[in-house]
Amino acid sequence: MVSKLQEDPRRRFLWAEVSFFAKWWDNINAQKRAAVRRLVGNGQLEIATGGWVMPDEANSHYFALIDQLIEGHQWLERNLGATPRSGWAVDPFGHSSTMPYLLRRANLTSMLIQRVHYAIKKHFAATHSLEFMWRQTWDSDSSTDIFCHMMPFYSYDVPHTCGPDPKICCQFDFKRLPGGRINCPWKVPPRAITEANVAERAALLLDQYRKKSRLFRSNVLLVPLGDDFRYDKPQEWDAQFFNYQRLFDYFSSRPDLHVQAQFGTLSDYFDALYKRTGVEPGAQPPGFPVLSGDFFSYADREDHYWTGYYTSRPFYKSLDRVLEAHLRGAEILYSLAVAHARHSGLAGQYPLSDFALLTEARRTLGLFQHHDAITGTAKEAVVVDYGVRLLRSLVNLKQVIINAAHYVVLGDKETYHFDPEAPFLEMDDTRVSHDALPERTVIQLDSSPRFVVLFNPLEQERLSMVSLLVNSPRVRVLSEEGQPVAVQISTHWSSATNMVPDVYQVSVPVRLPALGLGLLQLQLGLDGHLTLPSSVRVYLHGRQLAVSRHEAFPLRVIDSGASDFTLSNRYIQAWFSGLTGLLKSIRRVDEEQEQRVDMEFLIYGTRTSKDKSGAYLFLPDGEAQPYVAKEPPVLRVTEGPLFSEVVACYEHVQQVTRLYNLPGVEGLSLDVSSLVDIRDYVNKELALRIHTDIDSQGTFFTDLNGFQVQPRRYLKKLPLQANFYPMPVMAYIQDAQKRLTLHTAQALGVSSLGNGQLEVILDRRLMQDDNRGLGQGLKDNKRTCNRFRLLLERRTLGSEVQGGHSASYPSLLSHLTSMYLNTPVLTLPVAKRQLPGPGLRSFRPLASSLPCDFHLLNLRTLQAEEDTSPSAETALILHRKGFDCGLEAKNLGFNCTTSQGRPWGAFFVAWMWGSCSQPP
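This is the structure in structure tokens:
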């Protein structure tokens, strides 16, 4: 690239993903680096978008989207002095309206997209709307507008960019000249351009250019010349550049043709367009349309909807979010600890080197947002590589959190000593491999007390249930002040009917400060008033199974027959089927009537004809069929004063539905998790469907990247698979009285195929490739735990659902429920060999909780200019959330105030401002 661009100043090249570029940059010498900077400076080489990757836009969360954008932009500024101006997204499988918002906020003025449903492309081409101002649904003026170019044809490769006829365009992809490794599938090869044929070849190409140009409002035309895995050999550079230059020179020699053609970058194109239409870069050209909304779901031909990848490889979609939560927690705690250490003159003792671990984790999370990573559409060996990286970064982040928590929790910071061989705190859980579920740490109790440090990564004070595993049922728990705390003790189960010997779960309600750390002390011994045992019922449904028992815990086995039963807390009474163990209905305790919330498992098959479901495509063989287990499920019902739960154990799924008896956010929703194992399935997908009496009238709502909510309509005229959409964090249905929200801790595909229904695809196992480039089926399924919260809300009188509005919002309670689910409390036992005594203190970095419409997205220590060490600057990223006030929040037991115009600086304690300067 460097040598070929330097050969002729008229040549141009476009590059998009910084991660790969950075890898190459690390291996070139200073002379070549200087040449690259010159090429960027003179406009021959453009870096478009500038993110760490070209991210998937369906399954990615906005924290990770922003983070990979920052990582890429900071790298470019540091190494090239470059600032991206234009966005280039040719390969994500459908496009989210979150991306134009983020790119606009990152000071980009223009963007390009490609994979949009073929029928939408056809409509946009017919109405000359392929170039438009993309505006957010909530925007009342034009502050979020960004100019967007939609490529008009099937693909971004050369056969589909010069004009409407790929048979002709392919003849102008000069890598495919006869004798090479690839050719034109339309059977007419390219011909090298010579004096003898240039007139005829130029006329053929110009005809395609003119036909393509008629689809647009201006006469400036963009014709990208590239593809996957290209420009890796000097012969291709020469073939493309020399042959096209001969065509361009011919056009220039024929003024009667009225065409000027040249090599250009993406921003060259946009600049020429703005100049031709007489507007400033990024402004709306006269007569160009303004559009709002997103471009899901995507189909490239026939009924081939790319809606399978919303769920494909859910194990890694879940691991992605675990890593994200740990990265955010580690960033915040590291920034706070380093600021305090510098403020106190103790930076010399603190492991600033942890910054390298943070940087690696940022890049790992960024890399996994790639449109073939989080999507589940990579080859099996590549998936393993991603998994190994994700796990390594997760372990490193736990280390960063442990080191920072150790520092800030010490009463006397002077006594801080960092010893990598003997960490002060233990990890909360471990994973034996990248594709294994976590195993929680068992705290060994003996004669001396054990301490546990609890980290709340939320910007609000929270009351949460924390569950710890211990080696004795005789346990007392004390608060930081040494006061005994009421706890619920339960047995720990390895299967439906087997207890784990000598492991017990102690569940403790804890109130933790915003972004802060709390402390618990555990002692051997029993406090009969405060250590409260759970009682258990096991329903065997006639199966001859032995059930473990323990003298400390009442247990009743019901061999056969089971009527429906209820569990309840202070807010909710939930009915369950005695046969299936699944939820049937919910009643709020202040209401007479119960609401139907009926769950069932379903199976989708795939077609028997030539086109079958694969990693990308969902091509079902009709409507879902009920999941039929070989044997009835074993049900295990646990009841106690602090939580109650139902575990339904089927062959392929173990469903746990839990009710916390706590005031506030934790008690107002049902905690639901599905442990799925479909490794013996052949071409089947497992779904969970919820039936309600909500009169949803074909409308449902799904989030985009956890950032905004997009209304959806069930369209009967479209095939079933067309009605599925991505659900990164939530989906809901509603009517004039009620709203039911399914919150999720991992991205999955969701739909509402009938009135009052919501359904989510939990996992899919498919034996064949679906001919979209992967070359493999989806056979590497793992045991996967999908985690949800189910929230039923009531509309206040007089707050009608806004009909016809394109924007919809979660309630404040819904936002907080999502946060609690996605940002769990981290429990870090103090290592056994440590004897901390009175030297530990809780940590409260905020003067008060942030208002609950504010989210502290990140507190990100920035890298120093000259090396890879941390600078004294920290990026504070705040998000003020939109919310629906029409859902009842009174008397719900959670204390929540909104910002009411207070400046955000009022919430931070003084020492933090040493390293945080307030932006203008």
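Heads up, the sequence shown is in the UniProt record's numbering, so the first residue is 1 and it goes up one at a time.
Where is the CB? At the ideal position from N, CA and C, for every residue including glycine.
Nearest neighbour of residue i, chosen from the options [CA to CA]
i	options	result
Asp67	Ala736, Leu367 and Ala89	Leu367
Lys782	Glu380, Leu862 and Gly667	Glu380
Pro632	Asp621, Val646 and Thr580	Thr580
Ala615	Ile678, Arg537 and Tyr310	Tyr310
Gly542	Ala552, Ser252, Asp559 and Val536	Asp559
Leu850	Tyr244, Glu461, Ala831 and Phe132	Glu461
Gln863	Glu873, Leu437, His855 and Ala35	Glu873
Ala89	Pro423, Gln399, Asp227 and Met819	Asp227
Leu619	Asn29, Asp611 and Ser818	Asp611
Leu876	Leu336, Phe707, Val506 and Thr702	Leu336
Pro641	Asp412, Thr109 and Ser490	Ser490
Ser110	Leu130, Pro84, Ile146 and Phe132	Ile146
Ala48	Asn79, Leu103 and Pro501	Leu103
Asp139	Gln708, Arg712 and Gly605	Gln708
Ser669	Phe724, Arg789, Ile586 and Asn755	Arg789
Ala125	Gly308, Tyr809, Val547 and Met151	Met151
Val861	Asp141, His417, Gln74 and Tyr101	It is Thr, not Val, that sits at residue 861 in the sequence shown. It is Gln74 whose Cα lies nearest to the Cα of Thr861.
Pairwise C-alpha distance: residue j and residue i
i	j	result
Val637	Asp372	41 angstroms
Glu414	Leu346	8 angstroms
His123	Pro728	29 angstroms
Tyr231	Met1	8 angstroms
Phe13	Gly264	8 angstroms
Cys885	Gly698	23 angstroms
Lys630	Glu302	37 angstroms
His691	Trp237	58 angstroms
Val409	Ala496	39 angstroms
Leu859	Ile332	5 angstroms
Phe296	Pro164	24 angstroms
Ser507	Asp354	32 angstroms
Pro663	Leu816	14 angstroms
Tyr604	Pro351	52 angstroms
Pro224	Glu865	35 angstroms
Arg833	Ser674	37 angstroms
Arg313	Pro726	14 angstroms
Gln349	Glu481	29 angstroms
Ser97	Val750	18 angstroms
Leu520	Pro449	10 angstroms
Ala404	Tyr334	5 angstroms
Anticipated Cβ contact below 8 angstroms, residue i with residue j, distance rounded
i	j	result
Gly81	Gly51	Rounded, the Cβ-Cβ distance is 18 angstroms, inconsistent with contact.
Gly516	Arg476	So it is not a contact: roughly 24 angstroms between Cβ atoms.
Ile761	Leu748	6 angstroms
Leu530	Val487	7 angstroms
His550	Met499	6 angstroms
Phe190	Arg181	Per the sequence presented here, residue 190 reads as Pro, with Phe not at that position. Not really, about 14 angstroms apart at Cβ, beyond 8 angstroms.
Leu327	Leu397	6 angstroms
Arg795	Ala736	7 angstroms
Thr897	Cys852	7 angstroms
Ser393	Glu360	6 angstroms
Tyr250	Ala192	Their Cβ separation, rounded to whole angstroms, is 14 angstroms, which puts Tyr250 and Ala192 out of contact at 8 angstroms.
Per DSSP, cross-strand counterpart(s) of residue i
i	result
Pro633	Beta-bridge pairing links Pro633 to no other residue.
Thr657	Val646 and Val672
Arg556	Arg537
Glu639	Ser535
residue 953	Past the boundaries of the shown model lies residue 953; the chain is included only from 1 to 920, so the question cannot be answered.
Glu600	Arg689
Asn786	Ser674
Asp232	Note: Asp232 sits in no beta bridge, so no partner.
Asn858	Ile877
Met465	Pro509
Met1	None; Met1 has no bridge partner.
Leu887	Arg795
Beta carbon proximity, residue i to chain B, threshold 8 angstroms
i	result
Asp598	Chain labels in this structure do not include chain B; a single protein chain is all it has.
Can you list the beta strand (DSSP E) stretches of 3 or more residues lying completely in the stretch 684 to 761, in chain order? 684 to 692, 699 to 704, 708 to 713, 725 to 727, 730 to 734, 738 to 744 and 748 to 751
Residue ranges of each alpha helix (DSSP H) within the stretch 90 to 137, 4 or longer: 98 to 105 and 118 to 126
Which complete beta strand (DSSP E) runs does the stretch 267 to 339 hold, if anything under 3 residues is left out? 290 to 292
Those runs of the alpha helix (DSSP H) which lie wholly inside the stretch 375 to 456 and span at least 4 residues: 380 to 409
Taking only runs of the alpha helix (DSSP H) that begin and end inside the stretch 188 to 265, which ones reach a length of at least 4 residues, in chain order? 198 to 213 and 234 to 253
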